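The next block holds one structure in the form of structure tokens; read it before the comments.
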Amino acid sequence: MGFFSPGFRGREHADDGRIPPGQYLEHGFPVLSAGPTQRVATTDWTFTLTTETGEKHSWTWDEMIALGVEDIHTDIHCVTSWSKLDTDWKGVPIEKFLDGIEYSSEYSMAHSYGGYTTNVPLDDLLGGKAWVAVGYDGGPIPAEHGGPARLLVPHLYFWKSAKWVNGLTLMQQDEPGFWEQNGYNMHGDPWREERYWGS
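Quick note: the sequence shown uses full-length UniProt numbering, first residue 1, plus one each step.
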């Protein structure tokens, strides 16, 4: 019971046109994690991009920030059925990490401190759809919400927005990450209710 943090439960549903099917409006920010909270200082943090050929490119915290941080205003949707509207983040667009790098992959695997992984098609990470988030609600991201940096892919269920992210591996073929190996959908579109295998 202690392996999963509180928040894996539902409440009243609400729908104002911005909430996907099967979701309810959440005014708080539930903490949901598989395993213990990772606590990584920005001085120790690195992000590594690995291409399909095994070539590695790494950034320190300061080098990543220098790529350019954007403001993001977005809704987020958790597979456990809550949706939080009008959240504010700061983050570095994923395409910044791919500038000048040759690759032919269509898929990726995000990696996190603590060993968590999740697969995301590159089409869902590029074109202003995803960021390495470095700030939330006017301050740093709290560790329990994935700080100092988490993947932010708001158009997919929030398990795809990997907490404590530290890398991205490009892949020629799609492969399941942690939750995908445990029955969650390989894609995770909340508007299609892609929650589990077969959905």
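Just so you know, even glycine gets a beta-carbon here, dropped at the ideal spot from N, CA and C.
Nothing here was measured: the structure is a model prediction, and the numbers come from that model.
| query | result |
| --- | --- |
| By DSSP, does arginine 150 sit in helix, in strand, or in coil? | strand |
| Give the secondary structure of methionine 64 by DSSP, where H, G and I count as helix, E and B as strand, and everything else as coil. | helix |
| Pick out whichever of Glu55, Gly54, Trp89 and Ser112 has its Cα sitting closest to the Cα of glycine 138. | Trp89 |
| Determine the closest residue to isoleucine 94 out of Asp123, Trp131 and Thr43, with distance taken between C-alpha atoms. | Trp131 |
| Can you list the beta strand (DSSP E) stretches of 3 or more residues lying completely in the region 106-173, in chain order? | 107-112, 117-121, 131-136, 150-152 and 165-171 |
| Use the C-beta contact count for isoleucine 76: other C-beta atoms within 10 angstroms, 16 or more gives buried, fewer gives exposed. | buried |
| Do you know offhand how far alanine 41's Cα is from tyrosine 103's? | 31 angstroms |
| Using a beta-carbon distance below 8 angstroms, is tryptophan 89 in contact with chain D? | The chain inventory of the structure shown lacks chain D, comprising one protein chain alone. |
| Look at the alpha carbon of arginine 192 and the alpha carbon of proline 154, and state the distance between them as a whole number of angstroms. | 14 angstroms |
| Check each candidate in Trp197, Asn182, Tyr136 and Leu170 and name the one with the smallest Cα separation from glutamate 70. | Tyr136 |
| If I measure Cβ to Cβ from proline 142 and keep anything under 7 angstroms in the same chain, skipping five residues before and after, which residues do I get? | none |
| Short check: CB of tyrosine 113 to CB of tryptophan 179, under 8 angstroms? | no |
| Could you compute how far the alpha carbon of threonine 60 sits from the alpha carbon of glutamate 144? | 21 angstroms |
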